Structures are given as C-alpha cells and as structure tokens.
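For the sequence shown, the numbering used here assigns the number 9 to the initial residue and increments by one for each residue that follows. Yeah, the Cβ is synthetic: ideal placement off N, Cα and C, and Gly gets one too. This structure is a prediction, so every number in the text was calculated from the model and none was measured. Worksheet for the structure shown next.
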Amino acid sequence: MISEEEALERILEAVQPLPARKLSISKSLGCFAAEDYLARLPLPAFDNSAMDGYAVVASSCRKGQRLRVIGEQPAGRDKQLCVSRGEAIRIFTGAPVPRGADAIVMQEDVTRDGNEIVANTDVEAGEFVRRRGCDLAEGQRILPKGERIYAARTALLASQGFAEVTVGGEVNAAILSTGDELVDPGEKIEPGQIYDSNSLLLDASLQRCGTVVNSVEHCRDERESLMKAVKRAIKTHILIISGGVSVGERDLVKGVLRDLGAKIDIWRVAIKPGKPFLFAKIGECAVFGLPGNPVSAFVTFLQFLRPAILKMMGATNLDLPKVPAKLTLELTNDSDRPHYIRGKIEHGNFTPTGLQESHALFGLSQSNALLRLAVGQSLKADEIVDVQIWD
Ligand code: AMP
Ligand code: MG
C-alpha cells in the first residue's frame, strides 16, 4: 500500500498534456488556455458616456444654467463633434465623448426646453465619463496559459476581437462498470440485484471536468467478457473501470489487465475510502480502477483522476479548490489511513452529512465538500478547517 502523495505523483508522471488545438471561442468553455493571452485593445477602447444624457463642459453646467444643444452623438459612429462652454451635445450610453466635453449630465438631471436644456444640478468634471483604458490596459494579460476559460473569460476574449483561442487537448474516456449484481436504471430488478449508479456518477464527474465520454459499458464478473470489454475500451486516452479491483475471487480486473500486458503501477493506496484503487497503463491508455463502493469511487475520482485529466487538458492548477470553514462537531480519525469526511459547507460551517461509510450514497449526495483527516488527527467543534470543494 502506498501513500496518496506517492500515488498522485506516479499518476501525474504517467500522463502528459495532450497537443493543443484551436477552437472557436464559443466552443472553448471549460477548456484551458494553451498560451498567454494579452489585451489587444484597452477597455474601454475610447472615452464614452456611461449614461443617456448631455455631454457638457462641467464648469459651465451649474444648477439653473441654460445650455444650447448643438448636436447629437449616438453610439456606433464617432461624429467628431466638439462642444464648448454654454453648449451641450445629446449623447447616449456607450457613445464617444465629444471633444471639449469633460462630463455627462444625466437626462434625468436636466429639463429640455426646445433647443436648450436647463441643468437641475451642478456637474463635476469626469462625471459619467468612462475613460479609455480605465478597466483594462492594452498589453495587460487577460488569460494566463493553463487557466480555465469561464463564461466571463470568453466574453473578455470576444471584447478583444479574438474569434479563436488555442486550448489544451480534449480528453476522451471510456467507462466500464463491472459487477454481476448490476442492473441499468429503468430495468426490472430481482432480489439481490442493485442499480448501477457508478456509471452515472463517473459519467457526470468526467463531463464536469471537461472530458468527452466515448462509451459507457457494463460488464459481468466474467473473465472473457471483461477482457473483450477492456480491449474495446482502451482506444481512448483514459479508461475508468468501476468495481472488481478488490481482493475477492470475483475481483477480476487486475488479472485481466495483467493478461492484456498492462503495466500495473498502483494497486492499493492509503486512503479512506478508496483503498483498492488501481492505476495501470495499457499502451497509451491510462487505466483507473476505482472501487465499486460509490463513495470510494467518487473520492478516488476527485483525488487521483481529476488531477490527471486536468494535466492532460493543459491545466496549471490541478488541486481542488479549498475554502476555510468552521467545523460544527468534533471529529477523530482512528483508522490507519487519511479519512475524507463528506460534508456540507453552508454559511461558512462544515457539517458531515449522513453515514460516513463507503457505500453510503445518500450522505454523499447531500455533501458539497470533503474534509481530510490525517491519521490520528482530532479536531474540535468550532475549529477552522480547510475543506475541498469540487466544480
Ligand atoms: P466491488 O468493488 O466490485 O467489490 O464492489 C464493492 C461494492 O460496490 C459492492 O457492494 C457493489 O455492489 C457496489 N458496486 C459495484 N459497482 C457498483 C455500481 N456500478 N453502482 C453501484 N454500486 C456498485
Ligand atoms: Mg464487484
């Protein structure tokens, strides 16, 4: 049995970033930038009005004063207008500020009287003018290499005129759930059988990471069919096998992988839940054998598979996000492995959810965070702890 740290190190050594590709920005959500992106334009690109109103010389726009309206500047085309003291130019939000103007008076703050306006308030220089470059300077880094592209970042790239973005490679995965007891949801269930929930758990978790799931198959605990199923599935970058990696006679995965010439790099890791975790390579395919118990499958997915996938996708930060929280009750780990407690973070408090056992799917479904308790660690109620959250 090896430590989690060693397991992760070995896995990350065995997988490499996939070749980068160019994508339309509309297709890039969730991908990682494969190069640094710098601003081509300042934001705003020109001084413009923050309001519908009148462009004026602030010092000539005092409460009660009359100003002559000499033109109109809409958004979309700079009419190169010029304004002097005692004058105003009708202007709309986003329109370029005319030369000579140093402020915008809101239309709500004036009374229009034919070709004139009467100011109902004093105006300060700079009021409601959005200055060129006040948000973003030209040349400023807008998206560092290895960072994930979120909705607002696609918008920022678009604001700079980028139509395409170079991102890390796409990871393809196959899922193989093993077990004679498994039945697909929707089918009739016999006594002793259970519904296959891991296929869904893994499919959803992979998709959430940005992986393309090519196939989801179920296989009985039978050597020949397992062998065939694995052979079919290893054309992808990663194969995730659920169940059959433990020590029982019906746990056939390790033997089958070995017979297929796999290099089994890891089997059994000091982690709770998830001890029977397996990692192997068959040719270029990285094979992850996750224990069948749903909580074990999920925890090992987050600790070992997610970082591997992110590395392949070109991410810089492979860690789960961590946030501080106040523990609501006392916890002790008297097992021989680090224990990942499933719990809920709410209003800054972390409370374990449901039964903390590897089969307890309901408790997992109520959780949104994991607290790692080291071997022998005791925590008191009200202590501030760092918990991992997932995407
Ligand atoms: P195994 O790792 O195959 O020994 O399975 C451990 C436990 O997980 C057993 O109770 C299995 O019935 C359960 N299990 C295995 N595969 C799945 C699955 N796909 N969905 C839900 N539970 C499963
Ligand atoms: Mg099994």
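Of HIS245, LEU46 and LEU310, the smallest CA-CA separation from ARG161 is found for LEU46. Taking C-alpha positions only, ALA237 is separated from LEU335 by approximately 45 Å.
Along the length of the segment 258-311, whole alpha helix (DSSP H) runs at least 4 residues long occupy 261-267 and 302-308, reported in chain order. Taking a 10 Å sphere around the C-beta of LYS87, we find fewer than 16 other C-beta atoms and assign the residue as exposed. When the beta-carbon positions are compared, TYR62 and ILE112 come within less than 8 Å of each other. GLY187 has its Cβ nearer than 7 Å to a heavy atom of the ligand MG.
Partner residues in the beta bridge of LEU151, as assigned by DSSP, are TYR45. Cβ-Cβ separation between LYS280 and HIS347: approximately 5 Å, consistent with a contact (criterion under 8 Å). Unbroken alpha helix (DSSP H) stretches of 4 residues or longer found wholly inside the segment 159-209: 159-167, given in chain order.
The shortest C-alpha to C-alpha distance from ARG228 to any of GLU155, GLU189 and VAL253 is the one to GLU189.
Remark: fewer than three beta-carbon pairs, one from each stretch, lie closer than 8 Å, so the segment 20-31 and the segment 70-77 are not flagged as touching. In the three-state DSSP reduction, ILE246 falls in the strand class (E or B).
ALA111 is bridged by DSSP to VAL64. A residue is called buried when at least 16 other Cβ atoms come within 10 angstroms of its Cβ; GLU338 does not meet this threshold and is exposed. A distance criterion of 7 Å places the beta-carbon of ASP229 in contact range of the ligand MG, judged by its closest non-hydrogen atom. Across the set LEU310, LYS35 and ALA58, the C-alpha of ALA58 shows the shortest separation from the C-alpha of ALA83.
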